[in-house]
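Residue numbers (the numbering used here), protein chains in the order written: chain A, 18 to 419; chain B, 92 to 305.
Where a beta carbon is used, it is the ideal one built from N, C-alpha and C, also for glycine.
Following: one structure in structure tokens, then a few remarks.
Okay, here's the thing in structure tokens:
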């Protein structure tokens with residue numbers, strides 16, 4: 018008797034009992050249920066919620082693996098143990114030493130994120146007596162990718178419980194939430210424990226505990242350097258594109274995010290309208306800032322000079338912009354639903370991201386705040402898009418009858 | 092409580108739970124968000140509101156038959172303002188530091204919707220004794236929530252209670268801080284107060300399903 022049948026027996030045994038949703042969730046996660054409809058005109062797409070979630074996770078796996086190598090690489094590089102890697106396939110980057118450090122630091126983040134999040138999902142399913150929802154599968158993978166590598170695990174656990182309960186369950190669970198749960202978790206961490214979420218230490222493993230000692234190492238990100246008018250800290254554009262720079266675990270590599278994004282667009286899971294319009298929005302805002310600098314409105318003495326004078330398209334490569342645009346702005350639950358609405362929603366995310374990034378150096382990661390803000394506005398945008406269409410059609414109807 | 096009839100007791104006890112001004116009537120939220128970052132401020136605010144609302148209800152109830160209804164709002168405002176100024180002056184005289192910490196919020200008791208709400212809804216139609224009990228009851232109901240919110244926000248946000256470092260010292264790393272615990276800065280921001288009030292409402296309504304409106 019295989020595992021499948023055992024799980025099925027458990028399911029029958031516990032039918033109608035309180036714990037039933039928990040068993041059913043494991044059963045249907047692993048296998049197709051024993052009872053499926055046989056006759057009648059049932060048309061089924063293969064792209065159900067679980068398939069959708071798995072596709073997104075697949076798109077994120079390269080970022081996760083790269084993030085592990087990068088965590089180790091940045092750590093070893095800062096210690097001066099290895100030379101700077103040149104190019105995407107640099108020989109000091111894809112090494113076992115780097116991977117070991119990365120696994121040691123990143124895997125616990127993944128485990129805590131999934132463990133705590135799924136535990137809460139199961140508890141709520143048992144209390145409410147409905148089936149366990151798959152919504153946390155993607156969130157649980159997003160969370161470790163958007164936090165600094167040295168974040169204490171208990172903080173992550175607190176933030177995950179806050180994000181899942183207040184960000185999602187109080188609204189009614191998967192599909193009902195107003196805000197993206199992964200970003201709610203990150204925003205909670207950011208406002209609750211700012212010393213662990215920003216500054217020039219947390220982005221490289223080991224920088225925090227060495228601070229103030231003779232062995233101190235820097236863990237500054239490019240955005241942090243620019244905000245303090247220190248330039249791009251010696252990284253060139255290709256470093257930014259490949260992602261061989263300090264930052265949150267999985268968001269540094271624009272190249273892999275681009276591949277993941279193309280995969281999502283190709284499988285029709287992610288909306289290309291949102292991605293494209295958000296890139297356009299960021300470019301427009303970047304061009305405006307460049308123009309302001311060219312017109313000599315802002316001089317080098319200004320505290321905004323560093324970020325404003327950055328060539329406009331570099332904004333796409335640094336910070337969490339690319340990751341947020343591809344994996345978070347496109348969240349089908351919290352984004353706009355209408356096609357026209359998606360253009361407006363995406364454009365404003367890009368536009369506001371770069372604006373916050375430049376004007377508020379205290380919040381260098383404007384992408385998070387921009388997406389959360391537009392999440393709140395998405396239903397309003399949809400409402401006006403639908404109303405405009407209704408009006409247009411009414412007008413047409415009148416012309417015909419007249 | 093042989094002193095109070097069953098009806099009178101209801102006047103005091105109902106606002107504490109099932110007819111709470113903050114969690115059920117959703118009045119007085121603004122001050123609940125603004126001053127609850129510290130437990131001490133919550134307690135002082137509670138005492139001030141008990142004084143203003145208890146006495147104010149009695150005054151309004153005594154003159155309820157001679158207030159022309161067209162100008163009753165302005166009369167009520169005058170009564171609240173007078174009482175609030177007394178509280179403010181007493182605080183300034185006996186606890187200047189605290190008065191500075193609370194700043195404008197004591198003055199803003201005037202705008203607390205609970206007070207005008209009780210004047211309008213109760214004191215204008217009931218005798219002084221009943222109005223007094225109603226005022227005390229509602230102020231206590233308001234205070235209970237303030238103190239619960241203030242307790243959690245100060246404990247989790249600053250690691251202190253009434254200024255005492257109950258969780259240890261974050262700088263010298265004693266107590267729980269020795270294990271890597273850190274204060275939650277989000278607790279000190281107003282949005283978190285709203286979330287804590289929300290959680291209280293959630294707990295209350297899941298315990299008593301009759302309170303859930305459609």
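- Annotation: residue 263 of chain A is outside any alpha helix (DSSP H) and is labelled neither H nor E by DSSP.
- Counted as a single uninterrupted DSSP element, the stretch harbouring residue 315 of chain A is not any alpha helix (DSSP H), since DSSP gives it neither H nor E.
- By the neighbour-count definition (other C-beta atoms within 10 Å, threshold 16), residue 227 of chain B is a buried residue.
- By the C-beta density criterion, residue 367 of chain A is buried, having at least 16 other C-beta atoms within 10 angstroms.
- Not one beta carbon of chain B lies nearer than 9 Å to the beta carbon of residue 364 of chain A.
- The beta carbons of residue 129 of chain B and residue 273 of chain B sit about 19 Å from each other, so the pair does not count as a contact at 8 Å.
- Looking from the CA of residue 299 of chain B, the closest CA among B/111, B/98, B/95, B/99 belongs to B/111.
- When only Cα atoms are considered, residue 143 of chain A and residue 177 of chain A end up about 19 Å apart.
- Counted as a single uninterrupted DSSP element, the stretch harbouring residue 220 of chain A is not any alpha helix (DSSP H), since DSSP gives it neither H nor E.
- Within chain A, not a single residue places a beta-carbon under 9 Å from that of residue 144 of chain B; the smallest gap is close to 32 Å.
- If you look at residue 123 of chain B, you'll find it in the alpha helix (DSSP H) that goes 120-125.
- Taken through DSSP and simplified to helix, strand or coil, residue 300 of chain A comes out as helix.
- Between residue 160 of chain A and residue 198 of chain A, the alpha-carbon positions lie close to 9 Å from each other.
- Assigned with DSSP and collapsed to three states, residue 255 of chain B falls in strand.
- Burial state of residue 164 of chain B is exposed, judged by a 10 Å Cβ sphere holding fewer than 16 other Cβ atoms.
- Within chain B, the residues 286 have their CB atoms less than 7 Å from the CB of residue 183 of chain A, given in chain order.
- Distances from the CA of residue 104 of chain A to each of A/259, A/224, A/145 were compared; the closest alpha carbon is that of A/259.
- Approximately 7 Å separates the beta-carbon atoms of residue 235 of chain A and residue 95 of chain A; this is inside 8 Å, confirming the contact.
- At a cut-off of 9 Å between beta-carbon atoms, residue 243 of chain B makes no contact with chain A.
- A Cβ-Cβ distance of about 7 Å is found for the pair residue 73 of chain A and residue 281 of chain A, placing them in contact under the 8 Å criterion.
- The C-beta of residue 278 of chain B comes closer than 9 Å to at least one C-beta of chain A.
- Taking 7 Å as the upper bound on Cβ-Cβ separation, chain B lies near residues 205, 208, 209, 210, 211 of the stretch 204-219 of chain A.
- For the set A/344, A/310, A/377, the Cα lying nearest the Cα of residue 328 of chain A is the one of A/310.
- Look at residue 172 of chain A: its C-beta is under 9 Å from a C-beta on chain B.
- For the stretch 248-277 of chain B, residues whose beta-carbon sits nearer than 7 Å to a beta-carbon of chain A comprise 271, 273, 275, 276, 277.
- Contacts with chain A at 9 Å (Cβ-Cβ) include residue 289 of chain B.
- Residue 293 of chain B has a beta carbon lying within less than 9 Å of a beta carbon in chain A.
- Of the other Cβ atoms in all chains shown, 16 or more fall within 10 Å of the Cβ of residue 371 of chain A; this residue is therefore buried.
- Taking a Cβ-Cβ cut-off of 8 Å, the neighbours of residue 187 of chain A in chain B comprise 289, 293, given in sequence order.
- A Cβ-Cβ separation of about 19 Å leaves residue 166 of chain A out of contact with residue 134 of chain A under the 8 Å criterion.
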